Amino acid sequence: MKAPSHRRRFLAGLAAALAIGVGGSWLLLRGAHGAVAEDIRARQAIVSTLALADLVERAGDEGVKTRTLVSAWQKQQPSRDEARVLVLEGIQLVASTAERDRGEKSAPRRLAKEEKPLFDAGQRLRGAVASNLEGGASKPEIEIVERAGRALEVSVPLQRGNDVIGLVQVVTTRAAPPQDLRLPTLALSLLLPLGVLWLVGRQLGERRG
71 MKAPSHRRRF LAGLAAALAI GVGGSWLLLR GAHGAVAEDI RARQAIVSTL
121 ALADLVERAG DEGVKTRTLV SAWQKQQPSR DEARVLVLEG IQLVASTAER
171 DRGEKSAPRR LAKEEKPLFD AGQRLRGAVA SNLEGGASKP EIEIVERAGR
221 ALEVSVPLQR GNDVIGLVQV VTTRAAPPQD LRLPTLALSL LLPLGVLWLV
271 GRQLGERRG
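Going by this note's numbering, the sequence shown opens with residue 71, and the numbers climb by one from there.
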């Protein structure tokens, strides 16, 4: 009966150990990189929304100027991104670049019944800002929700002084930054040790040493 090959046993053991160790580490690192990339994407969306809200606040109560600013903002964004500006008094949509707000539904106009979630978001933000000013339990003054197709919907308060008069809502489809996890590096981490042991094994033959 032929004796078992020590060389093959060592190679098989090393291959299994590398697959578990290196492969598991790579998957963990990939998950961590993905989480960081999503965090960067969310922060970029928040910064963009806050910047637009600041511009709208500087425009004051001039609806035409607000719509001009929102339209200019849209030209600097990916085509599928959209922005909406709501004023709570009168429940007025004063500006929008959303596809659904065109034609008869173009801003300025009063919100429809089915658009109540937009009004509710404005009320929540108003309540959060008021609560934080009064020193109550800290509440988030920014709402961020992931929508279909991995789009991010960011809502921030529109303020006049300390008073919340509405909200600015941006939906962005901007992709997360690419993950820099090179597969050739993973392949080398797996194959290089196996190659070295195989070459050493050829020199040693089947000797245990």
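Beta carbons: idealized from backbone N, C-alpha and C, even for Gly. This structure is a prediction, so every number in the text was calculated from the model and none was measured.
Three-state secondary structure assigned by DSSP to residue i
i: Q147; result: coil
i: R303; result: Because the chain is modelled from 71 through 279, residue 303 falls outside the range shown and cannot be assessed.
i: S166; result: strand
i: S208; result: coil
i: E159; result: coil
i: T243; result: coil
i: A153; result: strand
i: S118; result: helix
i: R217; result: coil
i: R179; result: strand
Burial state of residue i (16 or more Cβ within 10 Å)
i: V134; result: exposed
i: A177; result: buried
i: A129; result: buried
Nearest-angstrom Cα separation, counted from residue j out to residue i
i: V164; j: S208; result: 30 Å
i: E211; j: G231; result: 15 Å
i: T243; j: L222; result: 7 Å
i: A198; j: G173; result: 34 Å
i: L122; j: A86; result: 54 Å
i: A218; j: R111; result: 16 Å
i: L158; j: A105; result: 35 Å
i: S201; j: L139; result: 30 Å
i: E185; j: R194; result: 15 Å
i: R150; j: Q144; result: 9 Å
i: Q114; j: D124; result: 15 Å
i: D171; j: E108; result: 29 Å
i: Q147; j: A82; result: 53 Å
Residue i, enclosing alpha helix (DSSP H) - first and last residue
i: G192; result: K186 to L203
Beta-carbon gap between residue i and residue j smaller than 8 Å
i: V240; j: V215; result: no
i: T62; j: E152; result: Absent from the model: residue 62. The displayed extent of the chain is 71 to 279, so no value can be given.
i: V117; j: V238; result: no
i: L161; j: F189; result: The question names Leu, but residue 161 in the sequence shown is Ile. Yes, the pair counts as a contact, with Cβ atoms nearer than the cut-off.
i: E169; j: A191; result: no
i: R180; j: P227; result: no
i: E127; j: Q229; result: yes
Neighbour flag for residue i against chain D, beta carbons, 8 Å
i: K183; result: Note that chain D does not occur in the displayed structure, where there is just one protein chain.
Element boundaries [beta strand (DSSP E), containing residue i]
i: R230; result: L222 to R230
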